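Engineer: Chains as they are written, first to last, in the working numbering: chain Z, 1 to 405; chain D, 406 to 852.
Glycine is no exception: its CB is placed at the ideal position from the N, C-alpha and C atoms.
From a predicted model like this one, the values you see are computed outputs, not experimental measurements.
One structure, as structure tokens, below. Some questions next.
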């Protein structure tokens, strides 16, 4: 009776006492939040639609079919000024993937070397590696890119001269000129040699594992793999009647001044923009990867190394069989972050006019005014890349992760 | 003798010949033996490393010091030089610092720099007193002073909501509108308290203070101090770098904290919105964000409203960094033991009290190195604003290197080296400070 009355009184005095209910409060605040957010988004869409209409720009991706009308200095698929905007964006996308892919490989190799060098027992080597990391990490990437591109790659000889490396590579301000392989009939056999080698390698590794478990002896798998992947294609090359020819870059030193220099279309030319970007990206990211590697190796308990030595493993074996597999667990997640950073940083290409996705997209944006669509393409690509990378790296991570109960 | 015959057989009868002393393991030679020449491979490595250092250092020293040109009036001094052209850096230094800021007004920038140094130094020294006052000055008073000094202040607010038939566009209309909105907020809080019976005196006071604070800020910004207005298009050099980095840092920290709290919120809508915001911004390169800020932001705004180019870049940089900051802070929040949250609940603190008084102080302290790390990357990333046409420190150097008056084969390299030294000094000192803080805060956990 009493409790009922007090309840009635409190309800009468506070008609909205329901606000003291956390569940209700949560729902209420979320509704307010959604309403506020929705109002802002709606307002933005209204403004954008209005502004686009005023500028006479049709929304939608139809513009991708229109003729681009601008040239691109490096294309991996056929492209001309008569191609469409969509084709131009595709060219940019492939260029981004190329520079990012090569950058990841180079940065990983360099980073691994520097990271291990930082832990070297040789004081001098460790100091050099430390200096590398501390200098490179604390200087903006854009500045390093400018340095490589505008200061270093611009100081090479002009169009009418060249520096020659190893007799086959030539460097001048037009870029790096190298022989271009020309594939003849039967070149397909060389290509086919790789999957065959892979198949044999899988079989050998399976048998090797069995043998290791039976006898405790480890077959020299590394050598076998190397032999397979090098010797098989070489054998195929000769068996198919040497179907690959090399198209050498042709350089004329004499004759009229304007005719001197490399003949267009001879050999392969790597543009300096690509070179500069690749150098800057890999050197910069390698400093971060070095730190990741060092952190990972230092995270492995020293007792593991001692235990490995005590059962008679050699230094190299200890590193390869005991330390690195354990360090990988610590290394992989931050390493995948660095790969992503490198991919995203490749967008600095726009500063040296290397035609990557952002650079080409910027040109398209300026010509068409389709800002919303172009930005959405950028975002979709980079977000997709980051999701893809994290999926792959998570899979790899799961494979090496410590198996616990 | 009895004693002698009792001596066991294994006791040696004669001295063994003395051996050579062990190789020196102390001092410089011992150190070198251990760290540089412990084995054949190590010795080869050492010699290779030495050769590498010599190979690297000699050209660097020759270029930057021995062959460098230190004085001169124009490109004639550097045209034939094989070393750095420091004369060019000397001639351009004011531009590198101020950009095209009017020469007669540069004292204003100097005061801003000086005030920053005066306020930062005691803030960074752990023992210096008045941290709270110092922080308030640095975060609230200083930005206001800097804003008025740099832009010239005297911003005219005319208001925009009341139709012109009621009140013509003027400072008065703006004041009326401001008073109306402020009053409406306070009234709403009062009505809420009235209807629900929940005491809101605290929130009411806070809202009142906030409204009064905003009024003060608007007043100060609106006063005509007689300073000549300087358009942001004329700003440049180190000034722009520091403005972008400074605003980015100040704006991204609270935003990042809010986003991190949102990501760990129990309310699903808020959580999902935070996750989407954070992941989208973190997933794209800063350049696309800057492009977006410079080409898309104007599209989002209603007719007649325009944002300054620098302001657009600032918004982009702040939002981008807030996403990174949010992840850093989230790490700290996750590291605070659950018991701390529960203890806060058990003594009856509300959500915000719990966060402000118990969780955030611990979480932020844990992630100070991470925060400084993201400040460093923010500082380096400010260089990207040069791509959307703002002349920051690097952008200024990049343009000046092509100036016909100083153009020479070495001008560009010299400029880049100078920029590298300056950026390196800033970033390296920040990272050292972070390491120092980490060591200092670790003291209680160290065993």
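Mind listing which residues of the stretch 661–682 of chain D have their C-beta closer than 9 Å to chain Z's C-betas, in chain order?
Structural biologist: Listed by position, the residues of the stretch 661–682 of chain D near chain Z (Cβ gap below 9 Å) are 671, 672, 673, 674, 675, 678.
Engineer: Step through the CB atoms of chain D and report whether any lies within less than 8 Å of the CB of residue 333 of chain Z.
Structural biologist: For the purposes of this step, residue 333 of chain Z is taken as the residue at position 333 of the first chain. Cβ-Cβ to chain D under 8 Å: no for residue 333 of chain Z.
Engineer: If I'm right that residue 572 of chain D touches residue 543 of chain D with Cβ under 8 Å, what's the distance once you round it to whole angstroms?
Structural biologist: Start at 1 with the first residue of the second chain, and residue 572 of chain D comes out as number 167. Start at 1 with the first residue of the second chain, and residue 543 of chain D comes out as number 138. Contact between residue 572 of chain D and residue 543 of chain D does not hold, since their C-beta atoms are separated by about 38 Å, which reaches or exceeds 8 Å.
Engineer: Grouping DSSP H, G and I as helix and E and B as strand, with all else coil, what is residue 195 of chain Z?
Structural biologist: To locate residue 195 of chain Z, count along the first chain from 1; it is residue 195. If DSSP states are grouped into helix, strand and coil, residue 195 of chain Z belongs with the helices.
Engineer: Suppose contacts are defined by Cβ-Cβ distances below 8 Å. Is residue 390 of chain Z in contact with residue 346 of chain Z by that definition?
Structural biologist: Position 390 of the first chain, counted from the start, is the residue given in the question as residue 390 of chain Z. Position 346 of the first chain, counted from the start, is the residue given in the question as residue 346 of chain Z. Cβ distance not < 8 Å, so residue 390 of chain Z and residue 346 of chain Z don't count as in contact.
Engineer: What residues from the stretch 24–41 of chain Z come within 7 Å of chain D, judged by C-beta to C-beta, listed N to C?
Structural biologist: 26, 29, 30, 33, 34, 37
Engineer: Beta-carbon within less than 8 Å of residue 471 of chain D's beta-carbon, same chain only, minus the 5 sequence neighbours each way: which residues are those?
Structural biologist: Looking up residue 471 of chain D in the second chain gives position 66. The answer, listed in chain order, is 488.
Engineer: From what residue to what residue does the alpha helix (DSSP H) around residue 610 of chain D run?
Structural biologist: If you number the second chain from 1, residue 610 of chain D lands on position 205. Unbroken alpha helix (DSSP H) run through residue 610 of chain D: 606–627.
Engineer: I want to see whether chain Z comes within less than 8 Å of residue 729 of chain D, judged by CB atoms only; does it?
Structural biologist: Translated into positions along the second chain, residue 729 of chain D becomes position 324. Not an interface residue.
Engineer: Could you name the residues of chain Z that residue 705 of chain D contacts, counting a contact when the two beta carbons are closer than 7 Å?
Structural biologist: The count along the second chain starts at 1 and reaches residue 705 of chain D at position 300. Correct list: 44, 47, 48.
Engineer: If distances are taken between C-alpha atoms only, which option among Z:284, Z:230, Z:30 comes closest to residue 132 of chain Z?
Structural biologist: Translated into positions along the first chain, residue 132 of chain Z becomes position 132. Measuring from the Cα of residue 132 of chain Z, the nearest candidate turns out to be Z:284.
Engineer: Any beta carbon from chain Z within less than 8 Å of residue 434 of chain D's own beta carbon?
Structural biologist: As a working note, residue 434 of chain D is residue 29 in the second chain. No, no contact with chain Z.
Engineer: Any idea what DSSP makes of residue 178 of chain Z, helix, strand or coil?
Structural biologist: Working through the first chain from its first residue, we reach residue 178 of chain Z at position 178. Correct three-state label for residue 178 of chain Z: strand.
Engineer: Quick check: residue 346 of chain D and residue 497 of chain D, are their CB atoms within less than 8 Å of each other?
Structural biologist: With chain D covering only 406 through 852, there is no way to say anything about residue 346 of chain D.
Engineer: Would residue 491 of chain D pass as an interface residue toward chain Z - the criterion being a Cβ-Cβ separation below 8 Å?
Structural biologist: Here residue 491 of chain D refers to the residue found at position 86 of the second chain. Output row for residue 491 of chain D: interface = no.
Engineer: Do you know whose CA, among Z:64, Z:24, Z:106, lies nearest residue 287 of chain Z's CA?
Structural biologist: Residue mapping note: residue 287 of chain Z aligns to position 287 of the first chain, counting from 1. Closest by C-alpha distance to residue 287 of chain Z, out of Z:64, Z:24, Z:106, is Z:106.
Engineer: Helix, strand or coil for residue 397 of chain Z, going by three-state DSSP, please let me know.
Structural biologist: Here the question's residue 397 of chain Z lines up with position 397 in the first chain. Residue 397 of chain Z: helix per DSSP, three-state reduction.
Engineer: Give me the Cβ distance between residue 556 of chain D and residue 499 of chain D, rounded to the nearest whole Å; I'm assuming they're in contact under 8 Å.
Structural biologist: What you label residue 556 of chain D is simply residue 151 of the second chain in a count that begins at 1. What you label residue 499 of chain D is simply residue 94 of the second chain in a count that begins at 1. That pair is no contact at about 20 Å.
Engineer: For residue 61 of chain Z, count the other beta carbons within 10 Å of its own beta carbon; 16 or more makes it buried, fewer makes it exposed. Which is it?
Structural biologist: Counted from its first residue, the first chain places residue 61 of chain Z at position 61. Exposed is the call here.
Engineer: Buried or exposed: which applies to residue 277 of chain Z, given that a residue is buried once 16 or more other Cβ atoms fall within 10 Å of its Cβ?
Structural biologist: Looking up residue 277 of chain Z in the first chain gives position 277. The residue is buried, with at least 16 neighbouring Cβ atoms inside 10 Å.
Engineer: What's the call for residue 413 of chain D, buried or exposed, on a 16-neighbour Cβ count within 10 Å?
Structural biologist: Within the second chain, the letter at position 8 stands for residue 413 of chain D. The residue is exposed, with fewer than 16 neighbouring Cβ atoms inside 10 Å.
Engineer: When the distance is taken between beta carbons, is residue 668 of chain D closer than 8 Å to residue 676 of chain D?
Structural biologist: On the second chain, residue 676 of chain D is found 271 positions in, with the first residue counted as 1. On the second chain, residue 668 of chain D is found 263 positions in, with the first residue counted as 1. Their beta carbons are under 8 Å apart, which means residue 676 of chain D touches residue 668 of chain D by this criterion.
Engineer: Which residues bound the beta strand (DSSP E) around residue 471 of chain D?
Structural biologist: Here residue 471 of chain D corresponds to residue number 66 of the second chain, with the count starting at 1. First-last for residue 471 of chain D: undefined, no H or E at that position.
Engineer: Using a C-beta cutoff of 8 Å, does residue 726 of chain D count as contacting chain Z?
Structural biologist: Counting from 1 along the second chain, the entry for residue 726 of chain D is found at position 321. It does not: the Cβ of residue 726 of chain D has no partner Cβ on chain Z nearer than 8 Å.
Engineer: Below 7 Å on C-beta distance, what does residue 817 of chain D contact in chain Z?
Structural biologist: Position 412 of the second chain holds residue 817 of chain D. Ordered by position in chain Z, the residues that pass the 7 Å Cβ test against residue 817 of chain D are 150, 151.
Engineer: Could you check what DSSP says for residue 443 of chain D in three-state terms: helix, strand or coil?
Structural biologist: To locate residue 443 of chain D, count along the second chain from 1; it is residue 38. In the structure shown, residue 443 of chain D sits in coil (DSSP, three-state: anything other than H, G, I, E or B).
Engineer: Confirm, please, whether the CB-CB distance from residue 718 of chain D to residue 799 of chain D is below 8 Å.
Structural biologist: Walking along the second chain from the start, residue 799 of chain D turns up at place 394. Walking along the second chain from the start, residue 718 of chain D turns up at place 313. Taking 8 Å as the Cβ cut-off, residue 799 of chain D and residue 718 of chain D do not qualify as a contacting pair.
Engineer: Determine contact between the stretch 597–608 of chain D and the stretch 457–468 of chain D, defined as no fewer than three beta-carbon pairs at a distance below 8 Å.
Structural biologist: no
Engineer: To the nearest angstrom, report how far apart residue 812 of chain D and residue 491 of chain D are at their CA atoms.
Structural biologist: The sequence position of residue 812 of chain D within the second chain is 407, counting from 1. The sequence position of residue 491 of chain D within the second chain is 86, counting from 1. Whole-angstrom Cα-Cα distance: 13 Å.
Engineer: Can the beta-carbon of residue 292 of chain Z be found less than 8 Å from the beta-carbon of residue 331 of chain Z?
Structural biologist: On the first chain, position 292 is the one that residue 292 of chain Z refers to. On the first chain, position 331 is the one that residue 331 of chain Z refers to. Yes, the pair counts as a contact, with Cβ atoms nearer than the cut-off.
Engineer: With DSSP as the reference, label residue 246 of chain Z as helix, strand or coil.
Structural biologist: Indexing the first chain from 1 puts residue 246 of chain Z at position 246. Note: residue 246 of chain Z maps to strand in three-state DSSP.
Engineer: Give a yes or no on whether the minimum CB-CB distance between residue 147 of chain Z and chain D is below 8 Å.
Structural biologist: If you number the first chain from 1, residue 147 of chain Z lands on position 147. Closer than 8 Å to some Cβ of chain D, the Cβ of residue 147 of chain Z qualifies, so yes.
Engineer: Relative to the C-alpha of residue 627 of chain D, which candidate in D:554, D:705, D:773 has its C-alpha closest?
Structural biologist: Within the second chain, the letter at position 222 stands for residue 627 of chain D. With distances taken between Cα atoms, residue 627 of chain D lies closest to D:554.
Engineer: Distance, Cα to Cα, residue 7 of chain Z vs residue 545 of chain D?
Structural biologist: Position 7 of the first chain holds residue 7 of chain Z. Position 140 of the second chain holds residue 545 of chain D. The predicted position of residue 7 of chain Z is uncertain, since its pLDDT is 43 and thus under 50; a value taken from the coordinates is nonetheless stated next. Between residue 7 of chain Z and residue 545 of chain D, the C-alpha separation is close to 48 Å.
Engineer: In whole angstroms, what is the alpha-carbon distance linking residue 720 of chain D and residue 45 of chain Z?
Structural biologist: Here residue 720 of chain D corresponds to residue number 315 of the second chain, with the count starting at 1. Here residue 45 of chain Z corresponds to residue number 45 of the first chain, with the count starting at 1. Their Cα atoms are separated by approximately 19 Å.
Engineer: Any residues in the stretch 105–130 of chain Z with a beta carbon nearer than 8 Å to a beta carbon of chain D? Which ones, in chain order?
Structural biologist: 120, 121, 122, 123, 124, 125, 128
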